[in-house]
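Counted the way the UniProt record's numbering counts, the sequence shown spans residues 1 to 113. Each residue gets a CB set at the ideal place from its N, CA and C atoms; glycine is no exception. Computed from a prediction, not measured in an experiment: that's the story for all the values here. Heads up, the thing below is written out as structure tokens.
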Amino acid sequence: MKRNEHPLMTPERLEEARQLGEKLARLRMARRIRQADAATRAGLSRSTAVLLEKGDLSRTQAQILRYLEAIAPGVSLLSLLKEDDPSLQALAARETTQRVRTLSKTELERLDF
1 MKRNEHPLMT
11 PERLEEARQL
21 GEKLARLRMA
31 RRIRQADAAT
41 RAGLSRSTAV
51 LLEKGDLSRT
61 QAQILRYLEA
71 IAPGVSLLSL
81 LKEDDPSLQA
91 LAARETTQRV
101 RTLSKTELER
111 LDF
């Protein structure tokens, strides 16, 4: 029987778990690896991979580390938390909206509320 860890955790720790799962998911997407493929490489089911990426507290540290190794071999957990992986930086650059040209003064005034 699995324990429900939520009542034992502070809201801050629950948020940290969620952020860790989000960082795993972003790294996987940055590396362009399908969730099912990452789970298979880690020896996990896809449903476990989904729970890892959601920050589920019932996942073990070993599962998290195996999943990380499957996504990015050689990347440490500390490196994941710092988000200093080049693929994450490239993903962030792709996600930022960039203007093709600068707006004229008239266009800026029209947009000013």
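Assignment of Arg-18 by DSSP, reduced to helix, strand and coil, places it in the helix class. Below 8 Å, too few C-beta pairs join the segment 98-112 and the segment 51-67 to call them touching: fewer than three. DSSP, read as helix, strand or coil, puts Glu-109 in helix. With 16 or more other Cβ atoms from the protein chains shown falling within 10 Å of its own Cβ, Leu-88 counts as buried. The closest CA to that of Leu-81, considering only Arg-41, Pro-73, Leu-24, is found on Leu-24.
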